[in-house]
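Presented below is the structure to which this report refers.
Residue numbers (my numbering): 114 to 232.
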């Protein structure tokens, strides 16, 4: 049973994919072309000391996620090639996997546990 509220949710979710895809692709562009590592593997708003080491991984995570969302947008709006359940599933899994991969990378870059002082 498709209620009107379900259709509204689908359109709002589809419209929300535009800024998310733009933001992720812009971050990949900044890392790859501009060599800006200020947003690489952030933990509590701070980049790691060796952000350049983790930049290629963050760039790939953002590039793959952004490209997948653009693919979903093109398939839904351009070709109408995906059913509602399919594109929602692809977009949802892409969102969660990107968030979890970026979280794991930030924890890897900053290390586990509190910092040890050298004194």
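A virtual CB, placed ideally from N, CA and C, is assigned to each residue, including glycine. Predicted model only: the values in this text are computed from it and were never measured.
Sufficient close CB pairs (3 or more, under 8 Å) joining the segment 134 to 153 to the segment 174 to 185: yes
Cβ-Cβ distance between residue 95 and residue 195 below 7 Å: Beyond the ends of the chain as shown, which are 114 and 232, falls residue 95; an answer cannot be given.
Which residues DSSP lists as bridging residue 156, in chain order: Locating residue 156 in the chain shown gives position 43, counting from the first residue. Paired residue(s): 159.
Alpha helix (DSSP H) runs wholly inside the segment 149 to 219, at least 4 long, in chain order: 164 to 186
Which listed residue (123, 147, 178, 168) has its alpha carbon closest to that of residue 238: With the chain running from 114 to 232 in the structure shown, residue 238 is simply not present.
Distance CB(residue 201)-CB(residue 172) smaller than 7 Å: Counting from 1 along the chain shown, the entry for residue 201 is found at position 88. Counting from 1 along the chain shown, the entry for residue 172 is found at position 59. No, the pair does not count as a contact, with Cβ atoms beyond the cut-off.
Coarse secondary structure for residue 146, derived from DSSP in three states: What you label residue 146 is simply residue 33 of the chain shown in a count that begins at 1. If DSSP states are grouped into helix, strand and coil, residue 146 belongs with coil.
Presumed contact (8 Å Cβ cut-off) between residue 134 and residue 186, rounded CB distance: For the purposes of this step, residue 134 is identified with residue 21 of the chain shown, where counting begins at 1. For the purposes of this step, residue 186 is identified with residue 73 of the chain shown, where counting begins at 1. Indeed, because the Cβ distance is near 7 Å, the residues count as touching under 8 Å.
Sub-7 Å separation of residue 174 and residue 118 beta-carbons: As a first step, residue 174 must be located in the chain shown, where it is residue number 61. As a first step, residue 118 must be located in the chain shown, where it is residue number 5. No; because the gap between Cβ atoms is not below 7 Å, this pair is not in contact.
Same chain only: Cβ atoms within 7 Å of residue 163, ignoring 5 sequence neighbours per side: Locating residue 163 in the chain shown gives position 50, counting from the first residue. Within the same chain, residue 163 has no close Cβ partners at all.
Under the three-state DSSP convention, the category residue 225 falls into: Within the chain shown, numbered from 1, the residue matching residue 225 stands at position 112. Three-state result, residue 225: coil.
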